[in-house]
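Step one of this worksheet: look at the structure below.
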Amino acid sequence: MDFDTFMAKAWDDHATDAAAVARRLDDGIALIGDEAQLNRLMHLGQHVYGEHLAEWRNGVSFLERLTTLPPFVREGASGQAQRRAFAGLQLAQGEDAELGELSASDRIRVLAMASSHLAAHDSARACRLLEEALDLAQRADLPADDPMHRTLAATGNNLACTLEEKPDRSAEERALMILAAQTARHHWAIAGTWLETERAEYRLANTWLQAGDLARAREHAQACLEIVAANDGAALERLFGWEALGLVERAAGNATGHAQALARAREAFAELEESDKSWCAASIDKLAA
Amino acid sequence: MPKFLPPVNATAITLNSAWLRNRVAELGLKQWWLAEQIGVDKKTVIRWLHGHVRSIQLNNATALADVLACRVEDLELPREAVDLASADDQRAAAALLATSSLLDTLGPIGEWNVIERLLKAVAVPDLPLHVLGTIYHRLSIACWRQSKLAEAAVYNRAALDAAERCGDKALLGGALGTRANLHHWRGECAQAQARWREGIALARFLEPTVVAGLHNNLGMELYETGEFEAGERELLKARDLYLLNGTPMQRSINHGALAILELRRGEVDAAAPHAEAASAHAQRGDYRRGVAMGALVLADIHARRGESGAALEALARGKAGFARMEIEEGFNREFEGRVLRLLGRYEDALAVLDDGLRLAAEFPVEKAWLLHERVLTQQARGDPDAALNSARQAIGAFEKLGAPRIVEALQAMAARMSPRVPRADGAKPLT
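Here the protein sequences line up with chains A and B, keeping their order. Letter by letter, the first sequence follows residues 21 to 309 of the numbering used here. Letter by letter, the second sequence follows residues 723 to 1153 of the numbering used here.
Here it is in structure tokens:
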């Protein structure tokens, strides 16, 4: 098996059997040929140990093993990534991480990573870490092309998605879900394109729907559709915008609004490529049910 | 009564535009989506919302009621005149406009557009009341920003009156915030807190940063009257609302307030990170008052830690900053006085505090804290009689503010100075 095949299989399997993927990580070490591959395996290991298994110490041990390999360059990209990942796992573990030696951008990324690791396990700490990352980001005032914006945006989106799917959310988890979705919207507006910003509005609509605030969910579903319209967005984007608004109107008991949103979603669905229709049909069915 | 109300027939109702605005805000509805569901164009909806149309067709009212999940009767104005400025309202506005103080007030800060709008508004027949109320609200803000509190109060009363009569909740929330500020500056703390809370209860109708401002001001008022835990809760609510949406200036003010709260309760280490954050945000936003205030707060922290060199350096920076802005106020003198007292320069401290008391003559909250600081300074100088006299004045000042916890702490201090003054059990002296 070559490295790419190993990685593809690991990413395919990690959501359903993270423990098995973690056990196979050492097989991946033997396949590493250069620094870029080492970075990819590091990212996988950090994600599996950090977020899926919450085995932060094992994650740290895995990262330490990677630093002994010849492709690892302490002052190169792999060294920087390792220091961030290491500190993120240590913070999640509740240990003192050496944040002071990191740049402001890296500190923000580490705090965001640690927050993501903790989301499903200790939402109060996860929320505090995300708040700390946001506070630091505001104060640091880094340029739009700094990678911390994308890290915060992606982390916020993933956190919100995870928590939206969680049944019986606590009040702390609800607060974290909302803050995470707002974070994604704020930082995609800085570092992303209109498409990412529009999808962040979609995320916010779903987050507020799950949080039970229909007025705010409606505001964001409408904002999502406004961005799509302003940019002459593809049918796929329109479909999901109308799906979000339709779900809000149905939850609000507004039959007129729900029927109109469903009709507009169906119009968008009809314009989709056949390949997209197969996986989007469920959204229409869900809205029509 | 307005002269030009359109005839109302059985197929139309007189629209309550304030109720409609409130409901649309409450539901988070945008104009285009409301228009699309009802089957009218967006401009029609805008006219309904802004009160440019007095009546709407019954079929549209029915469709609106369906989408807004309300009754048609909710959309109807109970009394036709209530949504419009009366002839008396417009005469009063014209009279206010005719006073030279208005132009004196607004001219120097370039609020000519406000003057122009008011002039035009007064001349318009059937002026929607919320428009007049909004103009009054902006006038009141323009006045208090120049410390013209009496004029601000006049316009604020007019804005509140208009908001209450037409039922516009966004206007009401904003005007309540201004009313609370005015109460605060007059030392009417209980009334101020009540108004801020009433404003916060209207959060659904206000912008998040406006709501954050209400929480922030309420938090400051609470800790200035010794309610530290309640004050902190409000300030943290404001911090959360500002986290993504706040301007550097708003965030600087919020962190500055959190720093001062911690200093008021003697938690120097907890104050330091907030003071640093306040300064950093102020510098980022070129908020010069925040930069200067941040330096004074840092000077206070250094002085409490015995770092005299750093304290004096920060104090000089803060004073220079306020001098450049030509701002003189009692609040700053309190910080300066405390730094000097902690550095052992008691005579200098007392001179600064006396100057502060002169500047704070019209501001009871500032005055009370200056008296409090004077007690500590006279005590440190070894002048118990003067300290006891100042303590009595401070107790009286805080009693008037409605600050029982601080009164209790001051009574405990006074009791130690003189056995004749009864000591409240368990009272912890403030530092």
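Every residue gets a Cβ at the ideal spot worked out from N, C-alpha and C, and that includes glycine.
Check whether residue i and residue j have beta carbons under 9 Å apart
i, j, result
"proline 970 of chain B", "glycine 935 of chain B", "no"
"arginine 1080 of chain B", "aspartate 890 of chain B", "no"
"glycine 909 of chain B", "lysine 1122 of chain B", "yes"
"leucine 259 of chain A", "alanine 285 of chain A", "yes"
"alanine 204 of chain A", "threonine 175 of chain A", "yes"
"valine 1087 of chain B", "cysteine 865 of chain B", "no"
"leucine 229 of chain A", "alanine 264 of chain A", "yes"
"leucine 64 of chain A", "glycine 48 of chain A", "yes"
"valine 68 of chain A", "alanine 42 of chain A", "yes"
"tryptophan 918 of chain B", "leucine 898 of chain B", "yes"
"glycine 978 of chain B", "alanine 1000 of chain B", "yes"
"glutamine 1100 of chain B", "leucine 1072 of chain B", "yes"
"alanine 209 of chain A", "alanine 195 of chain A", "no"
"threonine 784 of chain B", "valine 775 of chain B", "no"
"histidine 937 of chain B", "isoleucine 922 of chain B", "yes"
"leucine 61 of chain A", "leucine 86 of chain A", "yes"
"leucine 156 of chain A", "histidine 207 of chain A", "no"
"leucine 780 of chain B", "threonine 733 of chain B", "yes"
"alanine 997 of chain B", "alanine 981 of chain B", "yes"
"alanine 160 of chain A", "tryptophan 214 of chain A", "no"
"glycine 761 of chain B", "proline 850 of chain B", "no"
"alanine 211 of chain A", "aspartate 142 of chain A", "no"
Delimiting residues of the alpha helix (DSSP H) encompassing residue i
i, result
"alanine 874 of chain B", "871 to 888"
"isoleucine 975 of chain B", "970 to 986"
"threonine 213 of chain A", "Threonine 213 of chain A -> no alpha helix (DSSP H), and no H or E assigned at all."
"aspartate 47 of chain A", "38 to 49"
"glycine 250 of chain A", "Correcting the residue type first, residue 250 of chain A is alanine in the shown sequence and not glycine. Note, alanine 250 of chain A: alpha helix (DSSP H), 234 to 250."
"lysine 29 of chain A", "23 to 34"
"phenylalanine 82 of chain A", "76 to 86"
"aspartate 1022 of chain B", "1010 to 1026"
"serine 92 of chain A", "Looking at the sequence provided, one finds phenylalanine at residue 92 of chain A rather than serine. Careful: phenylalanine 92 of chain A lies outside any alpha helix (DSSP H) and carries neither H nor E."
"glutamine 57 of chain A", "55 to 67"
"histidine 278 of chain A", "275 to 290"
"aspartate 305 of chain A", "294 to 308"
"glutamine 1005 of chain B", "990 to 1006"
"arginine 189 of chain A", "Unbroken run through arginine 189 of chain A: none, as it is neither H nor E."
"histidine 859 of chain B", "851 to 866"
Extent of the continuous beta strand (DSSP E) to which residue i belongs
i, result
"threonine 175 of chain A", "Counting along the chain, threonine 175 of chain A falls outside any beta strand (DSSP E), though it belongs to the alpha helix (DSSP H) covering 167 to 184."
"glutamate 734 of chain B", "Reading off the sequence shown, one finds alanine at residue 734 of chain B, where the question assumed glutamate. Segment 734 to 736, the beta strand (DSSP E) holding alanine 734 of chain B."
8 Å CB neighbourhood of residue i in its chain, flanking five on each side removed
i, result
"leucine 771 of chain B", "Ser739, Leu742, Arg743, Val746, Gln753"
"serine 822 of chain B", "Any reading at serine 822 of chain B needs caution, since the residue's pLDDT is 42, under 50, leaving its predicted position unreliable; the model's value is listed next. Around serine 822 of chain B: no qualifying Cβ."
"leucine 1092 of chain B", "Gly1052, Arg1055, Glu1056, Gly1059, Leu1075, Gly1078, Leu1079, Ala1082"
Other residues of its chain near residue i: CB distance less than 7 Å, five sequence neighbours each side excluded
i, result
"arginine 987 of chain B", "Phe950"
"leucine 119 of chain A", "Ala107, Arg127, Val130"
"isoleucine 304 of chain A", "Ala285, Arg286, Phe289"
"phenylalanine 82 of chain A", "Leu45, Gly65, Tyr69"
"isoleucine 768 of chain B", "Gln753"
"proline 729 of chain B", "In this prediction, proline 729 of chain B has a pLDDT of 45, which is less than 50 and means its spatial position is unreliable; nothing more can be read from the coordinates."
"glutamate 71 of chain A", "Ser136, His137"
Cβ distance (whole Å) where residue i is taken to contact residue j below 8 Å
i, j, result
"asparagine 178 of chain A", "serine 136 of chain A", "6 Å"
"arginine 1060 of chain B", "glutamate 1095 of chain B", "6 Å"
"histidine 852 of chain B", "cysteine 888 of chain B", "5 Å"
"leucine 292 of chain A", "leucine 256 of chain A", "6 Å"
"leucine 282 of chain A", "leucine 307 of chain A", "5 Å"
"arginine 1127 of chain B", "glycine 948 of chain B", "4 Å"
"leucine 109 of chain A", "leucine 58 of chain A", "Going by Cβ atoms, the distance from leucine 109 of chain A to leucine 58 of chain A rounds to 17 Å, so no, they are not a contact pair."
"isoleucine 778 of chain B", "leucine 751 of chain B", "Going by Cβ atoms, the distance from isoleucine 778 of chain B to leucine 751 of chain B rounds to 16 Å, so no, they are not a contact pair."
"tryptophan 76 of chain A", "alanine 112 of chain A", "5 Å"
"methionine 1135 of chain B", "alanine 1102 of chain B", "No, methionine 1135 of chain B and alanine 1102 of chain B are not in contact; Cβ-Cβ is about 12 Å, not under 8 Å."
"valine 933 of chain B", "leucine 963 of chain B", "6 Å"
Residue i CB to nearest heavy atom of the ligand ZN below 8 Å
i, result
"phenylalanine 927 of chain B", "Of the ligands one can find in the structure shown there are none, so the ligand ZN has no counterpart to examine."
Own chain residues within Cβ distance below 6 Å of residue i, not counting five before or after
i, result
"serine 974 of chain B", "Ala1000, His1003, Ala1004, Tyr1009, Gly1012"
"leucine 278 of chain A", "One detail in the question is off: residue 278 of chain A reads as histidine in this sequence, not leucine. Excluding sequence neighbours, histidine 278 of chain A sits near Gly266, Glu269, Arg270."
"serine 98 of chain A", "Glu55, Leu58, Asn59, Phe92"
"aspartate 1107 of chain B", "none"
"leucine 224 of chain A", "Ala201, Arg205, His240"
- Item | Secondary structure, beta strand (DSSP E): runs of 3+ residues fully inside the region 759 to 803 of chain B | Within the region 759 to 803 of chain B, complete beta strand (DSSP E) segments of at least 3 residues are found at 777 to 779, given in chain order.
- Message: Threshold first: 3 residues or longer. Then list the beta strand (DSSP E) segments lying entirely within the region 885 to 960 of chain B, N to C.
- Response: Listed in chain order, nothing qualifies, since the region 885 to 960 of chain B has no complete beta strand (DSSP E) run of 3 or more residues.
- Considering only residues of the region 1057 to 1130 of chain B, which uninterrupted alpha helix (DSSP H) runs meet the minimum length of 4 residues and lie entirely inside it, listed in chain order? Fully enclosed alpha helix (DSSP H) runs of 4 or longer: 1068 to 1081, 1086 to 1103, 1106 to 1123.
- Query: What are the complete alpha helix (DSSP H) segments, minimum 4 residues, inside the region 110 to 171 of chain A?
  - Reply: With a minimum length of 4 residues, the continuous alpha helix (DSSP H) runs that stay inside the region 110 to 171 of chain A are 124 to 138, 143 to 160.
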